[in-house]
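Numbering (full-length UniProt numbering), first residue to last: 1 to 291.
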């Protein structure tokens, strides 16, 4: 009987303040969407780091006037180095062919580069990419070497951009979360004020604080859960439309976002939405309305 009463009061309360309920749901869904997007982005950046750092190569570019003896000495030094896992030699012709494949969509740019413009090189994969500096110090001073470049320096710049997106999305999520908390608190205050006479009567007949507060808290929880579901739907649709069809067609930098990671966001967002809404409602009732 009590459960039916509480459930009925929750539904009546949500409908009585329907405009504020809708506003609360929308605000909660936006803040939880941003939270889910930031968590998903954090997971994806970590996944991309593990993938790309495992494929990192050190490029050793040779001088245009390198001699055969110097080339052989460099080859021998790389092969005998204990830090090296694998190496590949690339001639100028091979470098130009790979350049043409990478920039096939920019024919004018390809035409501006001649077959002899790109240097020959050794591409080295280290057993431990963290030891790049030790390897570079050992090899960089050899005659015939023009430059030694670690791909990680280029990748770090890319990942710094993604890390900036992480911080930005978390900042927006925090800002929206504050707005959602204030809106939840105001909605609960309005709901409690509209039922102030019923609350007074219930206190006179000895109803417990928990029994009085339960409908208001559950109103906030229901709105929070609905907002989390809407936020998840937007997140999932955004992943399918943007990442799977648009961005993947434009760049090969992004690794695929697994649907399993996206589905993990549903219980996370629902839990955060429910708990935050419940705690906010309970604090509002206890410290502001003195129910």
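Backbone N, C-alpha and C fix where the C-beta goes; we use that ideal spot for every residue, glycine too.
All figures in this text were calculated on a predicted structure; none of them were measured in a lab.
- In this structure, residue 144 sits near residue 74, with a CB-CB distance shorter than 8 Å.
- For the pair residue 180 and residue 31, the CB atoms are nearer than the 8 Å cut-off.
- By the C-beta criterion, the segment 61–77 is judged to be in contact with the segment 115–129, since at least 3 inter-stretch pairs fall below 8 Å.
- Look at the UniProt domain "FtsX extracellular" (56–148) and you find these whole runs of beta strand (DSSP E), each 3 residues long or longer: 58–62, 84–90, 121–126.
- Nearest to residue 269 by C-alpha distance, out of 152, 24, 39, 22, is 39.
- Ranked by Cα distance from residue 228, the first of 129, 67, 33 is 33.
- The C-alpha of residue 79 is placed about 12 Å away from the C-alpha of residue 71.
- Residue 109 sits exposed, since fewer than 16 C-beta atoms from the chains shown fall within 10 Å of its C-beta.
- The secondary-structure analysis by DSSP pairs residue 150 across a beta bridge with 58.
- Residue 230 and residue 100 have their C-alpha atoms roughly 46 Å apart.
- Secondary structure at residue 215: helix, using DSSP grouped into helix, strand and coil.
- In terms of Cα proximity to residue 158, the closest of 91, 52, 239 is 52.
- With respect to residue 281, residue 220 sits close: the two C-beta atoms are nearer than 8 Å.
- Sorting 233, 58, 258 by C-alpha distance to the C-alpha of residue 47 places 258 at the top.
- Taking the C-beta atoms as reference points, residue 169 is found no nearer than 8 Å to residue 23.
- Taking each of 76, 237, 176 in turn and checking the Cα distance to residue 25, the smallest one comes out for 176.
- Using a 10 angstroms sphere on the CB of residue 35, the tally of other CB atoms reaches 16 or more, which defines it as buried.
- Counting only residues of its own chain and dropping the five nearest sequence neighbours on each side, residue 66 has a CB closer than 6 Å to the CB of 144.
- If you compare the alpha carbons of 217, 264, 216 with that of residue 233, the shortest gap goes to 264.
- DSSP, read as helix, strand or coil, puts residue 267 in helix.
- Note on residue 161: under 16 other CB atoms within 10 angstroms of its CB, so exposed under the neighbour-count rule.
- Residue 90 sits buried, since 16 or more C-beta atoms from the chains shown fall within 10 Å of its C-beta.
- DSSP places residue 257 in the coil class of the three-state scheme, outside both helix and strand.
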